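Chains as they are written, first to last, in my numbering: chain F, 2 to 241; chain Y, 29 to 247.
Note that the Cβ used here is the ideal one computed from N, Cα and C, for glycine as well.
Only a predicted model underlies this, so the values are computations on that prediction, with no experimental measurement involved.
What follows is a short report on a single structure.
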Amino acid sequence: MIKTVGLRKSFGNNHVLRGIDVAIKPHEVVVVIGPSGSGKSTFLRCLNLLEKPSSGQVFFRGHCITDPHVNVNEVRREMGMVFQRFNLFPHMSVIDNITLGPMKVRGVSLEEAKQTARDLLRKVGIAEKEKDYPSELSGGQQQRVAIARALAMKPMAMLFDEATSALDPEMIGEVLDVIRRLAEEGMTMVVVTHEMGFAREVGDRVLFMDEGVIVEEGTPEQVLGKPQNPRTQAFLSKVL
Amino acid sequence: MALDFSIIPGIIPALLLGTRLTIELAVIAVAIGLVIGSFAGIARVGGSNVARIVTGVYVDFIRGTPLLVQLFLVYFGLPTLIRRPVPPFIAAITAMGVNSGAYIAEIVRAGIQSVDRGQMEAARSLGLTYSQSMRYIIFPQALRRIIPPLGNEFIAMLKDSSLVSVIALEELLRKGQVVITRTFRPFEVYMVVALIYLAMTLAISRLVAWSERRLRVVD
Ligand SMILES: Nc1ncnc2c1ncn2[C@@H]1O[C@H](COP(=O)(O)OP(=O)(O)OP(=O)(O)O)[C@@H](O)[C@H]1O
Ligand SMILES: [Mg+2]
């Protein structure tokens, strides 16, 4: 469903991604782990073109989306993204946060958008908060709204960039539960996380990234259980 | 010579007439400035390279030169180019409006840039276009941060409008000068003039402070 070929990204002299080749199959959950600054976020942001790759290609459902003629807005609506810092729209109520995209991008009617939004809020367990503003919610609740906002676009894939890193420990579980349920439903997902237990549990495949390259990849048992590469071993010994 | 407050009631009507013109000048100037400044401020953030350079030069020129010189350029300079006189009122609102536009452009730019980068990214990741993201996400948030400094800009324009007294427009300061030729009481008259300015600027800064509090509650 998503494929990168020789994906590179530099910020000036800082070569953050140095040739990434990954293919993500439909319904697959790919977990990306790696030390801070290794380029995980940049990789994720290249997939929906929030960052413009310096070279290489990104394919989405067989189309090369790094082609300059491609309408990036049409690609992005099919890929939901969840950010570390939620990035909810603070001037809008919860329900308006969720209905904006479907209405403005997909041309869905207000009633239909609200119906979808309420279904999603129920699904993430905060149906009663639809009229609240983001600042009135806890971090865990905000992140669940952010997930609902992304899902409201009915995307074909979801990208999670450390969705639980900004949360207090007691709220991590409620957000991971939502992501876990999405995985069970067969959503195609790329999940950047520092939660190794979670990676092991939901990941079909784990990528270990360091200094802009994928150092090791395989099933969670292989990469997390019996890492072959010394860099993977060193990283895991620090975080586990 | 002792202070003579008995002249004050007699000069108030004339000074209020001048006050009215002062307010008109400031309101019109800031209105013009809002139109110019909104476009210029947006162009400085999201415009083409040409638009950025043009608006950058405009803002630097206006902010780096005295309003009085700008006023003279319009009132004395422009007529020699267009070969017809520029009426004082038109010259005043032109110079003040263009001047205010540069300061408001900076206010608008700062307001837009004060919105967290993640907001634009979240909007774009939903598939909203750049202009939709600006319209629904960035501008509404920027507006809250723009309103208080706009109030300060209005205060600045109220005070700076006194400069146009030199081109014989009878705004508050000029009216005061006229009144002095009749009463020969410069201290009392200028004191009253100053207090009228003070009353206006205090009222507006109160309004600004109030709106700041209101807007913060919504955040
Ligand atoms: N917009 C940018 N401009 C310049 N440099 C950037 C930009 N975004 C990221 N970088 C640099 O790219 C490198 C990798 O950043 P990235 O955020 O992808 O790492 P990460 O693996 O997600 O790290 P973390 O675990 O801390 O989130 C860092 O050195 C960072 O400074
Ligand atoms: Mg990151």
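If you count every other CB in all the chains shown that lies within 10 Å of the CB of residue i, and 16 or more means buried, which is it?
{"i": "residue 47 of chain F", "result": "buried"}
{"i": "residue 5 of chain F", "result": "buried"}
{"i": "residue 224 of chain F", "result": "buried"}
{"i": "residue 39 of chain F", "result": "buried"}
{"i": "residue 178 of chain F", "result": "exposed"}
{"i": "residue 242 of chain F", "result": "Since the first residue shown for chain F is 2 and the last is 241, residue 242 of chain F is missing from the structure and cannot be characterised."}
{"i": "residue 188 of chain Y", "result": "buried"}
{"i": "residue 136 of chain F", "result": "exposed"}
{"i": "residue 1 of chain F", "result": "Lying outside 2 to 241, the shown extent of chain F, residue 1 of chain F is not represented and no answer is given."}
{"i": "residue 164 of chain Y", "result": "buried"}
{"i": "residue 96 of chain F", "result": "buried"}
{"i": "residue 81 of chain Y", "result": "exposed"}
{"i": "residue 121 of chain F", "result": "buried"}
{"i": "residue 10 of chain F", "result": "buried"}
{"i": "residue 137 of chain Y", "result": "buried"}
{"i": "residue 102 of chain Y", "result": "buried"}
{"i": "residue 116 of chain F", "result": "exposed"}
{"i": "residue 12 of chain F", "result": "exposed"}
{"i": "residue 110 of chain Y", "result": "exposed"}
{"i": "residue 128 of chain Y", "result": "buried"}
{"i": "residue 92 of chain F", "result": "buried"}
{"i": "residue 158 of chain Y", "result": "exposed"}
{"i": "residue 153 of chain Y", "result": "buried"}
Under 8 Å by Cβ, that's how I've got residue i and residue j pegged, so tell me the actual separation to the nearest angstrom.
{"i": "residue 268 of chain Y", "j": "residue 193 of chain Y", "result": "What is shown of chain Y runs 29 to 247, which leaves residue 268 of chain Y out entirely."}
{"i": "residue 154 of chain F", "j": "residue 78 of chain F", "result": "5 Å"}
{"i": "residue 1 of chain F", "j": "residue 41 of chain F", "result": "Absent from the structure is residue 1 of chain F, since the part of chain F shown begins at 2 and ends at 241."}
{"i": "residue 8 of chain F", "j": "residue 59 of chain F", "result": "7 Å"}
{"i": "residue 99 of chain F", "j": "residue 118 of chain F", "result": "4 Å"}
{"i": "residue 143 of chain F", "j": "residue 89 of chain F", "result": "6 Å"}
{"i": "residue 53 of chain F", "j": "residue 94 of chain F", "result": "Rounded, the Cβ-Cβ distance is 33 Å, inconsistent with contact."}
{"i": "residue 180 of chain F", "j": "residue 161 of chain F", "result": "6 Å"}
{"i": "residue 108 of chain F", "j": "residue 156 of chain F", "result": "Contact doesn't hold; Cβ gap of about 16 Å is too wide."}
{"i": "residue 119 of chain Y", "j": "residue 51 of chain Y", "result": "Contact flag wrong, Cβ pair sits at about 18 Å."}
{"i": "residue 73 of chain F", "j": "residue 50 of chain F", "result": "5 Å"}
{"i": "residue 123 of chain Y", "j": "residue 87 of chain Y", "result": "About 16 Å separates the two Cβ atoms, so there is no contact after all."}
{"i": "residue 43 of chain Y", "j": "residue 155 of chain Y", "result": "At roughly 59 Å, the Cβ-Cβ gap does not stay under 8 Å, so residue 43 of chain Y and residue 155 of chain Y are not in contact."}
{"i": "residue 182 of chain Y", "j": "residue 232 of chain Y", "result": "6 Å"}
{"i": "residue 218 of chain F", "j": "residue 206 of chain F", "result": "6 Å"}
{"i": "residue 140 of chain Y", "j": "residue 166 of chain Y", "result": "6 Å"}
{"i": "residue 54 of chain Y", "j": "residue 186 of chain Y", "result": "5 Å"}
{"i": "residue 46 of chain Y", "j": "residue 199 of chain Y", "result": "5 Å"}
{"i": "residue 195 of chain F", "j": "residue 163 of chain F", "result": "7 Å"}
{"i": "residue 229 of chain F", "j": "residue 167 of chain F", "result": "That pair is no contact at about 32 Å."}
{"i": "residue 138 of chain F", "j": "residue 146 of chain F", "result": "7 Å"}
{"i": "residue 217 of chain Y", "j": "residue 208 of chain Y", "result": "5 Å"}
Contact list for the segment 155 to 180 of chain Y against chain F, Cβ threshold 7 Å: Legend: CB atoms of the segment 155 to 180 of chain Y lying less than 7 Å from CB atoms of chain F belong to residues 155, 156, 157, 160, 164, 165, 168 and 169.
Complete alpha helix (DSSP H) runs within the segment 97 to 166 of chain Y (minimum length 4 residues, chain order): 106 to 110, 116 to 141, 145 to 153 and 158 to 161
Contact set between the segment 99 to 130 of chain F and chain Y, restricted to residues whose Cβ is under 7 Å from the partner: Correct list: 101, 102, 105 and 106.
Residues from the segment 142 to 153 of chain Y in contact with chain F, defined by Cβ distance under 7 Å: 146, 147, 149, 150, 152 and 153
4 or more residues per run - each alpha helix (DSSP H) lying fully within the segment 94 to 128 of chain F: 95 to 107 and 111 to 124
Residues, ordered as in the chain, of the segment 85 to 98 of chain F that lie near chain Y by beta-carbon distance below 7 Å: 86, 88, 90, 91 and 92
Residues of the segment 51 to 62 of chain F with Cβ closer than 9 Å to any Cβ of chain Y, in chain order: 51
Near-chain Y residues of the segment 140 to 164 of chain F (beta-carbon distance less than 7 Å), N- to C-terminal order: 154
Length at least 3, wholly inside the segment 146 to 193 of chain F: the beta strand (DSSP E) runs in chain order: You should have 158 to 162 and 189 to 193.
For review: beta carbons within less than 7 Å of any heavy atom in ligand 2: Sorted by chain position, residues whose beta-carbon lies closer than 7 Å to a non-hydrogen atom of ligand 2 are F:41, F:42, F:85, F:162, F:163 and F:193.
Where the segment 188 to 203 of chain F meets chain Y: residues whose CB sits under 9 Å from a CB there: For the segment 188 to 203 of chain F, which is checked against every Cβ of chain Y, not one residue is closer than 9 Å.
Length at least 3, wholly inside the segment 37 to 65 of chain F: the beta strand (DSSP E) runs in chain order: Listed in chain order, they are 56 to 61.
Completely contained beta strand (DSSP E) runs for the segment 2 to 39 of chain F, where each covers 3 or more residues: 3 to 12, 15 to 25 and 30 to 34
The segment 61 to 80 of chain F: positions lying closer than 9 Å to chain Y by Cβ: Using a CB distance below 9 Å, the part of the segment 61 to 80 of chain F facing chain Y consists of 73, 74, 75, 76, 77, 78, 79 and 80, ordered along the chain.
Minimum length 4: unbroken alpha helix (DSSP H) runs contained in the segment 188 to 222 of chain F: Correct list: 197 to 203.
Residues of the segment 9 to 22 of chain F whose Cβ lies closer than 8 Å to any Cβ of chain Y, in chain order: none
Continuous alpha helix (DSSP H) assignments of at least 4 residues falling wholly in the segment 197 to 233 of chain Y: Counting whole runs of 4 or more residues, the segment 197 to 233 of chain Y contains the alpha helix (DSSP H) stretches 200 to 211.
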